[in-house]
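Below is one structure, written out as structure tokens; the observations come after it.
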Amino acid sequence: MRKLFLSHTTEYVLLIVIAVISIYLSFAADRFFTLGNAFDLLNISAVNIIFAVGLLVVLIAGGIDISFAVAASVVQYVAVLLLERIGGGGWISGLVVAAGIGVALGAVNAFLVHRFRIISIVATIATFNVYFGLLMFFTKGVSIYNLPDWLTTRVIVYEREMADGTWAEITLPVVVMMVCVLVTWLFITRTTTGRQLYAFGDNPEGARRFGINIGAMQFIAFGWLGLMAGIAGLMQAHYAQEVVPNALYGCELDVLAAVVLGGARLGGGKGSVFGCVLGVLLVSITQNGLNLMGVSPFAFKMIVGAIILVAITLSSARLGNLLPAFAKTAKTEGANR
Amino acid sequence: MSNATETGAAAPPLLSLRNINMTFGGVRALKNVSFEVMPGEVHCLAGENGCGKSTLIKVITGVYKPAAGAEIAFDGETVPHMTPGIAQSLGIKVIWQDLALFPEMTVAENIAFQTLSGARPRFVSYPKIRRIAEEALARLGVKLDVDRPLKDFAIAQRQIVAIARALVGEARIVFMDEPTASLTQAETDHLLSIVHTLSASGVAVVFVSHRLAEVLEISSRLTVLRDGNLVGVYPVAGMTQSRVTELMTGRTFDQNVRARDVSKNPVVLSVKGLSRPGEFSDISFELRRGETLGVTGLLGSGRTELALTLFGMRQAASGTVTLEGVPAYFSSNREAIAAGIAYLSEDRLALGLNQPQSIADNLVQASLDSILSGGLISSEKKRSLVARWIADLGVKIGKQEDAICTLSGGNQQRVAIAKWLATNPKVLILDAPTVGVDVGARAGIFEIVARLAEAGLAIILISDEVPEVYFNADRVIHMEKGRIAGWHDPRSTTLKDMEAAVYA
Ligand SMILES: Nc1ncnc2c1ncn2[C@@H]1O[C@H](COP(=O)(O)OP(=O)(O)O)[C@@H](O)[C@H]1O
Ligand SMILES: [Mg+2]
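Chains as they are written, first to last, in our numbering: chain A, -18 to 318; chain B, 25 to 528.
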């Protein structure tokens, strides 16, 4: 038990913080603690969670990426224009095209990092600017409103009528998000390639001496984030029912903060999918609660920033030090066994 | 050792290298080196620090690319472009000097990392990884919680993990780069017996170690490197430690017993019935002016604890200590230093010197009082004090302001000794002064010790290497389980007898 606790300190701290905030919000805002709101939360967070699990893989491999949100915007434009060319397409072709473009854009980052040995933060700030510049230049900032029908039709996967007559719904992005979470979890914890990514992020020289292909690691990590960014981009277009060039601009830092909050280490070798999902949820829940309480949106960022600071401080301090009594009893238990 | 005779001239080598040149930005780390390992032999790679042993291992495993013209052949087949991946697939395993482990991953994953490597993606079976790790640890006779991340463990246990990792899977040849550096005697013995087992089952072992006794005990052949050059390949049978040292350094060291008769000199330090429960008991001796008293004994015999007590860092439970006839009870090392006792720590890296600080700052650390001018440190006085000691002890430095970590082990130790000499001590305690110092530089340290004793300083020389105290001390105390187990006079006993007594 103690072992489980100590090896997942970050996740437990996040769960506790989320629980405390949720209890507070359920008293402060009537609508917070309802099924409808819980489903809304999932619908809202789905895109960011997909981004987050992608970014997690890059962080584990010891890199960082600033460009993925803008890359997702590029995916939205190029995919929609491309699909129009081939007669509209559908969900399958849409996902394939979006994923393909996403992977290609991720591969550009991997190429810069691996081939030219540019540190990833610099390389991806560069591609961030290049992608966004190209996007604004070619679109002249014009949004696309007439998307294909299949993309704008809401897909409700599960719905339920509530006592007050409103409908609580789970939409397609949530299901896609769940698949992305599950597959990423399988990938990084249950496959040799995933474990190699951890090892590479943890000690690149050690991994190299074991014959692990360093270039492949970079392409897999940035490619995985590109894949997730492509899928997230398509889901965001579906959810917003329009493609706006700067719709995702700026969300990269929110996602990065949430992933680090979830226990991923800048520098590599550490991070879990569960922690990463909790990190995004903590931020969404706070924003959602403040919204329901009628707090000014300008105060959101401030409060979210403060919560990130508190949670990161709590999880980086050794929990054993914060709860000496608990740690001690657990230790003697362990010794008695 | 039986393998040496079996692998005659007829057997083809398992690994053979020729024309190996390796340059790091102008520094030639390997010059035209060739190297051969026979199947199943234990081969020692010897040489001073920085002579290129680790670099050679990295060339063999494809971590570094040698200059054009290099030839590497494994099992009779040339390998034109060695890579770490090819080395893996050929069954070449390495215990790296810097371990090259993954601190965030569990012990099990670190040990069984081979099952996680390889380009083809596969699913991971954690029960299998755990079983592999536990089996490898069992072979070493060690129990570790394999589910905990490696970063939770101390360096000695990480060393064990690195060794266990090399025992996983099919090996043809295992390189061990200073694997015993942080092991206890029992763990070392276990490792050496595994080396025997590996060799008996046909796996070649290439062993790198500073401990020459260890090397001569287990290997059948010896390749010596000096300054990136190949000195030669020798059979171990008939080799002595001093001969190996000579080959490694290119110099001969006259190992004469230095002991003199100092019984006429006045007593400086007198210790009677000194005890500290659990550490040492009933220690009595007299230390005279100009005497070098050797103290030896196995690890944990209470040597260092005794020294720390004399230095005021611990308090004795009973017994008396007098310094020049005056009772000497110190409640801190500050008082001991003021009274004229200096103690060179056995752990130079962690305790003795502040590695990132400059040479000058380290040197004046214990004698700041002497360079004050109006309550402030006078940079004038500091500079001249440092210059005097650097010249006196022959320390090779660039600038006084260079960080101490830029110096070699031998030169660092000289600075550490200078630091204590600057306090004008009456008694100088040297605890393992040659740990991490090259064999070549060791002689220089003992030259200094002899000079200081000649000048009248009373010295206590602590070492677990019996030859060091045998050749350099006037009298030797041998401690065992906290007690004085025997007195030896190097002038009337042989090294063999003394070693037999200590290691009995
Ligand atoms: N990566 C490197 N870059 C620059 N110099 C190096 C590097 N690795 C080793 N050297 C130099 O090569 C020489 C041999 O080093 P090494 O093989 O580590 O010696 P040993 O293992 O025998 O102590 C040393 O002078 C060292 O400073
Ligand atoms: Mg080395």
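A virtual CB, placed ideally from N, CA and C, is assigned to each residue, including glycine.
Within the region 169 to 234 of chain B, the complete alpha helix (DSSP H) segments at least 4 residues long are 179 to 190, 209 to 224, listed from N- to C-terminus. Nearest to residue 360 (chain B) by C-alpha distance, out of B:288, B:326, B:452, is B:452. Identification of residues in the region 167 to 193 of chain A having a C-beta nearer than 7 Å to some C-beta of chain B yields 171, 172, 173, 174, 176, 177, 179, 180, 183, 184, 186, 187, 189, 190, 191, 192, 193, given in sequence order. Nearest to residue 254 (chain B) by C-alpha distance, out of B:476, B:54, B:47, is B:54. For residue 510 (chain B), the secondary structure class from DSSP, reduced to helix, strand or coil, is strand.
Here the alpha carbons of residue 345 (chain B) and residue 351 (chain B) stand approximately 6 Å from one another. A straight line joining the alpha-carbon of residue 240 (chain B) with that of residue 264 (chain B) spans about 8 Å. The nearest non-hydrogen atom of ligand 1 is 7 Å or more from the C-beta of residue 432 (chain B). A residue is called buried once 16 or more other Cβ atoms fall within 10 Å of its Cβ, and residue 402 (chain B), having fewer, is exposed.
The continuous stretches of beta strand (DSSP E) do not include residue 423 (chain B), and DSSP gives it neither H nor E.
Within the same chain, Cβ atoms closer than 8 Å to the Cβ of residue 280 (chain A) are found at 271, the five residues on either side in sequence being excluded. The C-alpha of residue 521 (chain B) is placed about 24 Å away from the C-alpha of residue 310 (chain B). Distances taken from the Cβ of residue 239 (chain B) to the heavy atoms of ligand 1 include none shorter than 7 Å. Taking the Cα positions, residue 169 (chain A) is about 19 Å away from residue 211 (chain A).
One thing to note: residue 455 (chain B) has its Cβ within 8 Å of the Cβ of residue 486 (chain B). CA-to-CA, the gap between residue 379 (chain B) and residue 392 (chain B) works out to about 18 Å.
Leaving aside the five residues that flank residue 99 (chain B) on each side, the residues in its chain whose CB is nearer than 7 Å to its CB run, in chain order, 38. Only those residues of the region 76 to 96 of chain B whose C-beta falls short of 9 Å from the nearest C-beta of chain A are listed: 82, 85, 86, 87. According to DSSP, residue pairing for residue 32 (chain A) in a beta bridge does not occur. Residue-level contact check: residue 250 (chain A) touches chain B, since one or more beta carbons of chain B fall below 8 Å from its beta carbon. Within the region 181 to 213 of chain B, no residue has its Cβ closer than 8 Å to any Cβ of chain A. The DSSP-derived three-state label of residue 117 (chain A) is helix. At least 8 Å separates the CB of residue 114 (chain B) from every CB of chain A. Within the region 128 to 143 of chain B, the residues whose Cβ lies closer than 7 Å to some Cβ of chain A are 128, 129, 133, 137, 140, 141, 142, 143, listed in chain order. Within 7 Å of the C-beta of residue 78 (chain B) there is at least one heavy atom belonging to ligand 2.
Counting every other CB atom within 10 Å of its CB across the protein chains shown gives residue 274 (chain A) a total below 16, marking it as exposed. Contacts between residue 125 (chain B) and chain A, judged by CB atoms closer than 8 Å, involve 184, 187 in chain order.
In the three-state DSSP reduction, residue 318 (chain B) falls in the strand class (E or B). Close partners of residue 109 (chain B) in chain A (Cβ separation under 9 Å): 191, 192, 193, 194. Contact check between the region 179 to 190 of chain A and the region 119 to 130 of chain A: fewer than three CB pairs, one atom from each, fall below 8 Å, which does not count as touching.
Excluding the 5 residues flanking it on each side, residue 86 (chain B) has same chain C-beta neighbours closer than 7 Å at 106, 107, 108, 110, 111, in chain order. Where residue 119 (chain B) is concerned, the enclosing beta strand (DSSP E) starts and stops at 116 to 119. Annotation for residue 127 (chain B): no alpha helix (DSSP H) segment contains it, and DSSP assigns it neither H nor E. Of the other Cβ atoms in all chains shown, 16 or more fall within 10 Å of the Cβ of residue 198 (chain A); this residue is therefore buried. Against residue 148 (chain B), the close residues of chain A are 171, 172, 173, 176, in the order they occur along the chain (beta-carbon pairs closer than 7 Å). By the criterion of a C-beta distance shorter than 7 Å, residue 206 (chain B) is surrounded in its chain by 179, 180, 183, once the five residues flanking it on both sides are discounted.
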